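Everything on this sheet refers to the single structure shown next.
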Amino acid sequence: MEKTCLLEYTREALTALMADLGHKAFRAAQVLDWIWKHRATDFAQMSNLPPALREQLAERFSLRPLTVVEVSNSTTGSTRKFLSRMAADGHLVESVIIPAAEGKAGSRSDRITLCVSSQVGCAFGCKFCASGLLGLTRNLTASEILGQILAAEEISGTRVDNLVFMGMGEPLANMDNLLLALTQIMSPDALNIGARHITISTSGNVPGLRRLAEFGKPLRLAVSLHGASDEVRSQVMPVNRKWPLGELLPALEAWNRTGKHMITLEYILIEGVNAMMTEATKLARVARRLNAKVNLIPYNTVEGLPWVRPSESNCRAFAKALSTAGVPVTMRYEKGHDINAACGQLRLRRKNEQEDI
Ligand code: SF4
């Protein structure tokens, strides 16, 4: 029988489980402590539980939903990417550990940001993304999302204090598991990471955006825009045909009305596709309408895809046009470029290697 992972069990769920198993409610608090304070990996470690309860739990439940099978270190920085194998079915997902900027006077901060995956593969097929080449295999469970965070802490020896849902998958296409994972991530019983330290990145899944707004937490939202007109955006993001800007922008205005953080519009600059000055003018109009900031990302070459990164001067001129129009703008060169840190690449390479065998 496949074991269920206990990471996604809230205090309420564990209390109900203890009642089902014929144990007192306070055992739920003890189990929570073992899982989240002591980071127990085996029920045998739970020394203050009766042996019968430990056995009952070990028979039906697990404490880790995945095993790390590969860790790649960037040669230019301390970004680390790891690949995990899911215990349930052997599928692979990737996560990236990104250290905070170095502290003042060269002292290295011990804060880390983790980029997590939310699905195995992805159905959305954004044209710049290796995950999209593979299609969707399945959603990750809440435990499999949480398991990536525990694995990152075990690899890095430090606590994750910022999370970005920018790995493989469209998080808003996996809402039930995302919301349960977020509940545990934010819970003082579990990971206790504040909503303000969590960024959800979406390709523009309109029903998911509306549900996330109803969830009512001050999460950060990053939207993969990559085109400020339907004509350009549909070339880069097929999802735009399903939810065009005429639906996406009102959903983002509705998100803004719930009083959350300023939205970030992600915009990959691609030579000859969306990096022209005419597009900068359209993008500035959209950003001002949404009171959003823009994060420009010069295109990161992906093996097997045809696009090209614009020149440095083109990128700078594009950024200048936005800031002159009053839009807050940043330029991000992908960290970990040399370890295939663009979404999906490590898994793709691994899959290709496996297929070559
Ligand atoms: S960018 Fe995100 S939503 Fe788009 S294909 Fe890649 S994983 Fe899916």
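In my numbering, the protein residues as written are 1044 to 1400.
Beta carbons are placed, not taken as given, at the ideal position from N, Cα and C, and that holds for glycine.
Small disclaimer: the values here were computed from a predicted structure and weren't measured.
Closest by C-alpha distance to Thr1321, out of Arg1181, Gln1191 and Phe1361, is Phe1361. With a threshold of 7 angstroms, the Cβ atom of Phe1167 counts as near the ligand SF4, since some heavy atom of the ligand is closer than that. Runs of the alpha helix (DSSP H) spanning 4 or more residues and lying entirely within the stretch 1278-1322 occur at 1282-1285 and 1288-1300, in chain order.
Between the ligand SF4 and Met1211, a heavy atom-to-CB distance of less than 7 angstroms is present. Assignment of Ile1236 by DSSP, reduced to helix, strand and coil, places it in the coil class. Under the DSSP assignment, Arg1097 falls outside any beta strand (DSSP E), being part of the alpha helix (DSSP H) whose first and last residues are Pro1094 to Arg1103. Glu1355 is classed as exposed because its beta carbon has fewer than 16 other beta carbons within 10 Å across all chains shown. For Gln1162, the pairing in a beta bridge is given by DSSP as Asn1182. Distance from Val1112 to Leu1096 at the Cβ level is roughly 32 angstroms; contact not present, criterion being Cβ atoms closer than 8 angstroms. Counting of Cβ neighbours within 10 angstroms places Tyr1376 among the exposed residues, the total staying below 16. Note on Glu1098: under 16 other CB atoms within 10 angstroms of its CB, so exposed under the neighbour-count rule. The criterion of a C-beta distance shorter than 8 angstroms is satisfied by Ala1195 and Ser1138. For a cut-off of 8 angstroms, the C-beta gap from Thr1242 to Arg1263 is around 4 angstroms, short enough to register as a contact. Taking C-beta separations shorter than 8 angstroms and ignoring five residues to either side along the sequence, the partners of Leu1049 in its chain run Leu1057, Val1074, Ile1078, Leu1100, Phe1104, Ser1105, Leu1106 and Ser1186, following chain order.
For Arg1123, the enclosing beta strand (DSSP E) begins and ends at Arg1123 to Met1129. When secondary structure is reduced to three states using DSSP, Arg1253 falls in the helix class.
Ala1265 has Ser1244 and Thr1307 as its beta-bridge partners, per DSSP. The beta carbons of Val1279 and Phe1208 sit about 20 angstroms from each other, so the pair does not count as a contact at 8 angstroms. The shortest C-alpha to C-alpha distance from Gln1191 to any of Leu1177, Gly1164, Val1159 and Leu1206 is the one to Val1159. In terms of side-chain proximity, the C-beta atom of Gly1175 is found nearer than 7 angstroms to a non-hydrogen atom of the ligand SF4. Arg1253 places its beta carbon less than 8 angstroms from that of Ala1294. Contact fails between the stretch 1336-1348 and the stretch 1276-1290, because fewer than three Cβ pairs, one in each stretch, are under 8 angstroms apart. DSSP, reduced to helix, strand and coil, places Leu1215 within a helical segment of the structure shown. Cβ-Cβ separation between Asn1182 and Asn1205: approximately 23 angstroms, too far for a contact (criterion under 8 angstroms).
For Arg1054, same chain residues with a beta-carbon under 7 angstroms away, outside a window of 5 residues either side, are Ala1071, Leu1075 and Asp1232 in chain order. Of the candidates Asp1063, Glu1314, Leu1157 and Ser1272, the residue whose Cα lies closest to the Cα of Val1351 is Glu1314. Here Asn1283 is not near Glu1309, since their CB atoms are 8 angstroms or more apart. In this structure, the C-beta of Cys1172 approaches the ligand SF4 to less than 7 angstroms from one of its heavy atoms. The shortest C-alpha to C-alpha distance from Ile1140 to any of Gly1133, Ala1130, Arg1128 and Thr1122 is the one to Thr1122. At a threshold of 7 angstroms, Ser1090 does not count as near the ligand SF4, since its beta carbon sits no closer than that to any of the ligand's heavy atoms. According to the DSSP assignment, Glu1051 belongs to no alpha helix (DSSP H), since it is labelled neither H nor E. CA-to-CA, the gap between Val1136 and Gly1178 works out to about 14 angstroms.
If you look at Leu1348, you'll find it isn't in any beta strand (DSSP E); DSSP assigns it neither H nor E.
If you draw a straight line from the Cα of Ser1267 to the Cα of Ile1306, it comes to about 11 angstroms. In this chain, the alpha helix (DSSP H) harbouring Phe1361 covers Glu1355 to Thr1367.
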